[in-house]
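Working notes, structure below.
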């Protein structure tokens, strides 16, 4: 029999509150309101009795309280009484460890980071979500935190190396932000030998008085094994290197060739001599190009793999693609956003096969200005899979052996090159920044070890394709903007006042200056780049200029792209490996059918948020 007390609410008051919600239990907001009004911690019995919770509802109500604890709305004191977090002046955030043993709390509300001493870090691991109270300031004046409660453990499995000292076995995590050695439980080595790389499952998390304990669930191999650095990186950064079974099943169920019913509503452009131009090691080809002179300029066709035809909103493939966000590229391995059946098969514009695509068909003037354009779904046929080096050679040596063996497509490549020259002039006119960075390529031995690292020289073929993709992306942004359809723009902001001042102070030491006063434009950066070109310290100066700019990001609000000098820009050209591009494709298709594409509700269901 539940104890009665004078805190019991009047039935009509509670009933009115319950009628507002589908669930018969009092809402979180109402529970917090009652706790706040009482002004003191309450026991479970007091709260149950006050809220008229029936015996059959007690289990559900307890679960609601536990969820409120996890979310940091309430907590229990030493006597297990329930307290409202806002009244306790506590801060919720994520732990970020430091290799030297201390750490920081990154507050959820965006306030200043708080210092966590090595003593406080003994009870948590990097990534844990905790509640803290400020306990003063450290010797550097930073707010210092004391952990009150651990709300969520971030590390269930850890990749590391197995060691043994004085008969005690432990794993040292590869993630240097996890500084605690994790003890291996008795009989929990899983057959691993000292020095091997293992996956350890944590069975007891750390606390104030004890180290974490775990058992080894997988032996990856020896540290020096070929490819081990990639295996470690996959697990260290929690990358999804395997597809769930439902995703694999859906991918394998799709016909490996373009089905007849897929032609419906599409234009047939298989007569156009489209080609793909990529790097030598590329395996997925998501864009093909064609160019021909026409009155007043050129016709440029950019055909992009129609991933949205095969990956439907909220199906298994789509849910996994959202979680991955993009493909991840290692020197000798790719973790794709989509299964191989799509990324290297149906959604790759492989040569001499029919493929479904979305086309951006543009007219570009002889001055390099984009005029009329249109988007449409189509069926295409790639005439050749070319590499950047092959195209550069054929353009430089039109009478050479390679050009002669590809005589049918050389004229089209020459038209592309002519257009590229026009686009390059238009780029310079609008003042787009063009940093001359040097990419590198790792050359491996037969044993999978790095033999040497060589520079990758960007030739005109690289730049040609880049300009074609930029043109298609600009058209996609303009198309969706003109039709007032929500889109994830690719935005890029100029330097902050602080970074701008630092850049100018640095350049002053070299007798250089950045024009543009308080609001420099991309053209001002371009002028400075021309001045430093050819100097022995050009690489240093260019790096400082690059770091003065903010990173590009995706935003639903368009503020333009500073570096490229565009008023509106988005990503349309790589839906195989970038999820935002897939969203753009769906949005364009929706507009073509007079509809709106609204994926946000599906993301919310999956707990995915886009910023």
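In my numbering, the protein residues as written are 1 to 611. The beta carbon of each residue, even a glycine, is placed where N, CA and C say it ideally should be.
- Query: Quick one: is residue 473 buried, meaning 16 or more other Cβ sit within 10 Å of its Cβ, or exposed?
  - Reply: buried
- Task: Work out the CA separation of residue 448 and residue 548 for me, nearest whole Å.
- Result: 38 Å
- With 16 other CB atoms within 10 Å as the buried threshold, where does residue 303 fall? buried
- Message: Less than 6 Å between C-beta atoms, sequence neighbours within five positions excluded: which residues of the same chain meet that for residue 591?
- Response: 483 and 485
- Close Cβ partners of residue 273 (< 8 Å) along its chain, the five nearest in sequence each way excluded: 290, 383, 408, 409 and 412
- Would you be able to state if there are at least three C-beta pairs under 8 Å between the segment 458-470 and the segment 535-551? no
- Message: Buried or exposed, going by whether 16 or more other CB atoms sit within 10 Å of the CB of residue 671?
- Response: There is simply no residue 671 to check, as the chain begins at 1 and stops at 611 in what is shown.
- Where does residue 424 fall in DSSP's three states? helix
- List the residues that DSSP assigns as beta-bridge partners of residue 365. 297
- Opening and closing residue of the alpha helix (DSSP H) in which residue 393 lies: 388-396
- Is it right to say residue 287 is buried, meaning 16 or more other beta carbons lie within 10 angstroms of its own, or is it exposed? buried
- Query: residue 285 by DSSP, collapsed to three states: which one?
  - Reply: coil
- Roughly how many angstroms lie between the CA atoms of residue 439 and residue 145, to the nearest whole one? 43 Å
- Query: Pick from 516, 245, 491 and 580: whose alpha carbon is nearest that of residue 551?
  - Reply: 491
- Item | Beta-carbon contacts of residue 147 that lie in its chain and below 8 Å, excluding the five residues immediately before and after | 116, 120, 123, 124, 130, 131 and 132
- Item | C-beta contact flag for residue 315 and residue 250 at 9 Å | yes
- Task: Give the single residue among 556, 577 and 70 whose Cα lies nearest to the Cα of residue 587.
- Result: 556
- Task: Jot down the residue ranges of each uninterrupted beta strand (DSSP E) in the segment 38-95, minimum 3 residues, whole runs only, in chain order.
- Result: 74-76 and 82-84
- Alpha carbon of residue 158 to alpha carbon of residue 242, nearest angstrom: 17 Å
- Message: Below 8 Å, how does it come out for the segment 29-38 and the segment 93-110: are there three or more Cβ pairs, yes or no?
- Response: no
- Message: Tell me which residues share the same chain as residue 246 and place their Cβ nearer than 7 Å to its Cβ, disregarding the 5 neighbours each side in the sequence.
- Response: 316
- Message: With a threshold of 7 Å on Cβ separation, who are the neighbours of residue 138 within its own chain once the five nearest residues in sequence on each side are excluded?
- Response: 115 and 144
- Using the DSSP secondary-structure output, state which residues sit across from residue 336 in a beta bridge. In the DSSP output, where bridge partners are listed per residue, residue 336 has none listed.
- Query: Since residue 183 sits in a beta bridge, which residues does DSSP pair it with?
  - Reply: 170 and 213
- Query: Should residue 332 be flagged as near chain B, meaning a C-beta pair shorter than 9 Å?
  - Reply: Checking the listed chains, one finds no chain B in this structure; it contains a single protein chain.
- Item | Own chain residues within Cβ distance below 6 Å of residue 610, not counting five before or after | In this predicted model, residue 610 has a pLDDT of only 41, less than 50, meaning its place in the structure is not dependable; the value taken from the coordinates is given anyway. Closer than 6 Å at the Cβ level, and outside the excluded window around residue 610, lies no residue.
- Message: Could you give the first and the last residue of the continuous alpha helix (DSSP H) run that contains residue 318?
- Response: 316-324
- Message: Is the beta carbon of residue 277 closer than 9 Å to that of residue 391?
- Response: yes
- Please work out which residues of its chain come closer than 6 Å, Cβ to Cβ, to residue 183, disregarding the five sequence neighbours upstream and downstream, and give them in chain order. 170, 211 and 213
- Output the distance between the C-alpha atoms of residue 616 and residue 223, rounded to the nearest integer angstrom. Limits of the chain in this structure are 1 at one end and 611 at the other, which puts residue 616 out of reach.
- Task: Output yes or no for whether 9 Å exceeds the beta carbon distance between residue 423 and residue 368.
- Result: yes
- Item | Cut-off 7 Å between Cβ atoms - residues of its own chain near residue 475, not counting five sequence neighbours on either side | 360, 362, 370 and 373
- Query: Below 8 Å, can you find three or more Cβ-Cβ pairs linking the segment 386-401 to the segment 491-503?
  - Reply: no
- Looking at the structure shown, is residue 153 part of a helix, part of a strand, or coil, going by DSSP? coil
- Task: Return the Cβ separation of residue 377 and residue 306 in integer angstroms, given the expectation that the two are a contact with Cβ distance under 8 Å.
- Result: 6 Å
- Enclosing alpha helix (DSSP H) for residue 552 [first to last residue]: First-last for residue 552: undefined, no H or E at that position.
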